[in-house]
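First to last, the protein sequences are chains A and B. In this text, residue positions in the first sequence follow the numbering used here: the first is 217, and each later residue adds one. In this text, residue positions in the second sequence follow the numbering used here: the first is 217, and each later residue adds one. Even glycine gets a Cβ: it sits at the ideal position worked out from N, Cα and C.
Protein chains: 2
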Amino acid sequence: MEYTYDHPRPALTVDIVIFTLRENRLQALLIQRKDDPFRGMWALPGGFVHMDESLEDAALREMEEETGLKEAYLEQLYTYGAPERDPRGRVVTVAYFALIPADAPFRREGGSDAAQAQWCTVSELPPLAFDHTEIAAYALRRLRYKLEYSAVGFELLPDEFTLTELQYTYEIILGEKLDKRNFRRRILEANIIEPTPQRRTGEGRPARLYRYQPDAVAEVKARRLFP
Amino acid sequence: MEYTYDHPRPALTVDIVIFTLRENRLQALLIQRKDDPFRGMWALPGGFVHMDESLEDAALREMEEETGLKEAYLEQLYTYGAPERDPRGRVVTVAYFALIPADAPFRREGGSDAAQAQWCTVSELPPLAFDHTEIAAYALRRLRYKLEYSAVGFELLPDEFTLTELQYTYEIILGEKLDKRNFRRRILEANIIEPTPQRRTGEGRPARLYRYQPDAVAEVKARRLFP
DNA sequence: TGAATTGGTGTATAGTTGACACGAGATCAA
DNA sequence: TTGATCTCGTGTCAACTATACACCAATTCA
Numbered sequence: 217m218e219y220t221y222d223h224p225r226p227a228l229t230v231d232i233v234i235f236t237l238r239e240n241r242l243q244a245l246l247i248q249r250k251d252d253p254f255r256g257m258w259a260l261p262g263g264f265v266h267m268d269e270s271l272e273d274a275a276l277r278e279m280e281e282e283t284g285l286k287e288a289y290l291e292q293l294y295t296y297g298a299p300e301r302d303p304r305g306r307v308v309t310v311a312y313f314a315l316i317p318a319d320a321p322f323r324r325e326g327g328s329d330a331a332q333a334q335w336c337t338v339s340e341l342p343p344l345a346f347d348h349t350e351i352a353a354y355a356l357r358r359l360r361y362k363l364e365y366s367a368v369g370f371e372l373l374p375d376e377f378t379l380t381e382l383q384y385t386y387e388i389i390l391g392e393k394l395d396k397r398n399f400r401r402r403i404l405e406a407n408i409i410e411p412t413p414q415r416r417t418g419e420g421r422p423a424r425l426y427r428y429q430p431d432a433v434a435e436v437k438a439r440r441l442f443p
Numbered sequence: 217m218e219y220t221y222d223h224p225r226p227a228l229t230v231d232i233v234i235f236t237l238r239e240n241r242l243q244a245l246l247i248q249r250k251d252d253p254f255r256g257m258w259a260l261p262g263g264f265v266h267m268d269e270s271l272e273d274a275a276l277r278e279m280e281e282e283t284g285l286k287e288a289y290l291e292q293l294y295t296y297g298a299p300e301r302d303p304r305g306r307v308v309t310v311a312y313f314a315l316i317p318a319d320a321p322f323r324r325e326g327g328s329d330a331a332q333a334q335w336c337t338v339s340e341l342p343p344l345a346f347d348h349t350e351i352a353a354y355a356l357r358r359l360r361y362k363l364e365y366s367a368v369g370f371e372l373l374p375d376e377f378t379l380t381e382l383q384y385t386y387e388i389i390l391g392e393k394l395d396k397r398n399f400r401r402r403i404l405e406a407n408i409i410e411p412t413p414q415r416r417t418g419e420g421r422p423a424r425l426y427r428y429q430p431d432a433v434a435e436v437k438a439r440r441l442f443p
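Quick look at the structure:
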């Protein structure tokens with residue numbers, strides 16, 4: 217089947233920087249390219265936008281194809297459209313970033329196109345195809361920035377978590393130690409999490425479990441304020 | 217001439233929210249549509265992305281066609297791609313916002329397509345075509361937010377300005393009165409403007425003229441000026 | 001020359017942020 | 001069963017930041 221237009225049109229894709237916490241590191245999912253250009257190189261997961269789906273739906277579909285996960289925190293990052301960014305022709309891509317919880321049932325064996333997928337610590341990313349290095353760097357910058365003024369860190373944790381786990385999450389992403397008492401004060405005063413009756417037992421004194429308040433999610437999402 | 221592809225492609229456009237200060241109001245440029253759909257309705261200036269130009273170049277080109285201005289502060293806002301946002305078919309648009317100085321030589325008589333163009337106070341926008349109301353609202357939100365943490369306000373003023381004019385600019389955009397002494401202290405301590413030897417004379421005591429330090433723009437971008 | 005107009009300056013108070021140490025509640029091993 | 005070990009959970013004080021607030025200065029104009 218062929219499609220004909222009066223004027224030339226760029227191809228439109230979405231690319232997604234999928235973050236998760238694994239092995240006490242912030243990691244991103246990469247796909248090894250099996251075709252030229254950049255064959256064998258690592259790249260961000262992504263693909264073409266279908267005609268009947270929104271950009272966000274396209275990003276979710278691609279994410280599901282690669283990870284098996286249907287839900288995640290997803291936020292539009294930026295749209296990259298330099299004329300020469302893809303050697304095959306004009307391709308404009310809308311970049312997204314996604315956060316998936318540490319305990320999500322990630323399906324490791326690669327996506328629909330059977331390309332190899334692998335988690336990679338964000339501070340040690342290999343060179344990426346196209347302008348994906350730039351996209352990944354921007355995603356990390358946005359995530360860090362966002363963490364400072366919103367509750368987005370919860371999206372990387374299971375439904376219930378201890379304050380210490382939450383603090384570790386922040387420290388891993390921000391790359392710096394935080395003061396325990398000040399951290400707890402700030403988080404609790406922000407009213408974005410609530411205590412549950414449960415405690416998590418293990419080595420040492422049991423820790424109270426918290427969950428984030430579902431209303432807070434919408435609020436975080438509404439603050440898509442930064443370029 | 218016709219262009220044929222194996223898979224259907226959305227059309228790709230840019231739309232621009234062009235802000236300026238006029239008559240002590242923050243205004244945006246609107247174009248009256250001369251064709252269906254939404255014939256006669258107001259809309260944001262915009263148009264198709266050419267194959268050999270970046271998205272930003274497309275936005276600048278459209279801006280020049282409508283205003284005659286080639287340079288402005290321009291920032292990508294968000295990409296809108298709901299499947300039904302344009303009744304003619306799938307059209308994805310990359311939205312930008314631009315700031316042009318109050319004294320810029322704006323060419324009033326409409327752009328290349330001879331459509332009628334008009335400045336409109338942002339708090340009194342008419343209903344707009346497509347999803348342009350949403351886009352304009354988001355642009356205003358981003359501008360206000362941005363003003364609080366960056367030097368972007370200067371982009372709406374001539375090269376040289378008084379502190380009172382700068383304060384008015386902030387007040388107009390933020391929609392609230394600011395304290396004169398606190399405002400001056402913050403702006404001056406931020407080291408983003410420098411005094412010139414000139415003064416502006418008029419009614420009352422002459423005011424010192426300032427200009428913004430070109431280097432400062434990038435540096436200050438990360439800093440937060442207003443809480 | 002003085003009335004009117006706008007420009008330019010400092011201080012005191014409240015609120016926010018950041019640094020900092022120790023007892024509590026559990027497990028585990030002797 | 002006891003104490004050694006581990007992690008959890010809590011409050012205060014000092015430094016900094018933000019905010020509220022009023023008057024004299026320099027000029028124009030009548």
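Buried or exposed: where does residue i fall if 16 or more other Cβ atoms within 10 Å of its Cβ makes it buried?
| i | result |
| --- | --- |
| residue 415 of chain A | exposed |
| residue 219 of chain A | exposed |
| residue 226 of chain B | buried |
| residue 250 of chain A | exposed |
| residue 317 of chain B | buried |
| residue 348 of chain B | buried |
| residue 327 of chain B | Low local confidence applies: a pLDDT of 47 at residue 327 of chain B is under 50, so the model's placement there is unreliable, and no value is given. |
| residue 393 of chain A | exposed |
| residue 238 of chain A | exposed |
| residue 279 of chain A | buried |
| residue 358 of chain B | buried |
| residue 419 of chain A | exposed |
| residue 305 of chain B | exposed |
| residue 259 of chain A | buried |
| residue 302 of chain A | buried |
| residue 355 of chain A | buried |
| residue 410 of chain A | exposed |
For residue i, which beta-bridge partners are listed by DSSP?
| i | result |
| --- | --- |
| residue 367 of chain B | Paired residues: none, contrary to the question. |
| residue 167 of chain B | The first residue shown for chain B is 217 and the last is 443, placing residue 167 of chain B beyond what the model contains. |
| residue 411 of chain B | B:426 |
| residue 338 of chain B | For residue 338 of chain B, which the question treats as bridged, DSSP gives no partner whatsoever. |
| residue 313 of chain B | B:233 and B:291 |
| residue 359 of chain A | DSSP lists no partner for residue 359 of chain A. |
| residue 416 of chain B | B:423 |
| residue 247 of chain A | A:259 and A:333 |
| residue 220 of chain A | B:220 |
| residue 227 of chain A | A:307 |
If the cut is a Cβ gap below 8 Å, which residues of chain B does residue i touch?
| i | result |
| --- | --- |
| residue 219 of chain A | 220, 221, 222, 223, 224 and 225 |
| residue 269 of chain A | 299 |
| residue 265 of chain A | 226, 297 and 308 |
When you compare each of the options to residue i by their alpha carbons, which one comes out closest?
| i | options | result |
| --- | --- | --- |
| residue 427 of chain B | B:347, B:394 and B:381 | B:381 |
| residue 309 of chain A | A:339, A:262 and A:303 | A:262 |
| residue 240 of chain B | B:418, B:403, B:389 and B:217 | B:389 |
| residue 360 of chain A | A:333, A:313 and A:341 | A:313 |
| residue 367 of chain B | B:246, B:391 and B:383 | B:383 |
| residue 286 of chain B | B:231, B:403 and B:321 | B:321 |
| residue 364 of chain B | B:232, B:290, B:221 and B:399 | B:399 |
| residue 397 of chain A | A:412, A:379, A:248 and A:425 | A:379 |
| residue 323 of chain A | A:275, A:300, A:281 and A:311 | A:281 |
| residue 235 of chain B | B:300, B:422 and B:289 | B:289 |
| residue 403 of chain B | B:374, B:370 and B:419 | B:370 |
| residue 248 of chain B | B:342, B:406, B:355 and B:412 | B:342 |
| residue 231 of chain A | A:217, A:222, A:246 and A:223 | A:246 |
| residue 315 of chain B | B:362, B:299 and B:350 | B:362 |
| residue 295 of chain A | A:423, A:228, A:407 and A:377 | A:228 |
| residue 407 of chain A | A:425, A:429, A:423 and A:387 | A:429 |
How far does the alpha helix (DSSP H) with residue i in it extend, from its first residue to its last?
| i | result |
| --- | --- |
| residue 399 of chain A | 396-405 |
| residue 274 of chain B | 271-283 |
| residue 373 of chain B | Neither: residue 373 of chain B is in no alpha helix (DSSP H) and is coded neither H nor E. |
| residue 291 of chain A | Note, residue 291 of chain A: premise wrong, no alpha helix (DSSP H); beta strand (DSSP E) at 289-296. |
| residue 385 of chain B | 379-390 |
Which residue marks the beginning of the beta strand (DSSP E) containing residue i, and which one marks its end?
| i | result |
| --- | --- |
| residue 332 of chain A | Element bounds for residue 332 of chain A: n/a, residue is neither H nor E. |
| residue 263 of chain A | 262-264 |
In chain B, which residues lie less than 9 Å from residue i when you measure between Cβ atoms?
| i | result |
| --- | --- |
| residue 390 of chain A | Here the premise fails: no neighbours, minimum Cβ distance about 15 Å. |
| residue 359 of chain A | Simply none; closest approach about 16 Å. |
| residue 346 of chain A | Simply none; closest approach about 15 Å. |
Kindly list, in the order they appear in chain A, the residues whose Cβ is closer than 8 Å to that of residue i.
| i | result |
| --- | --- |
| residue 295 of chain B | 271, 292, 295 and 310 |
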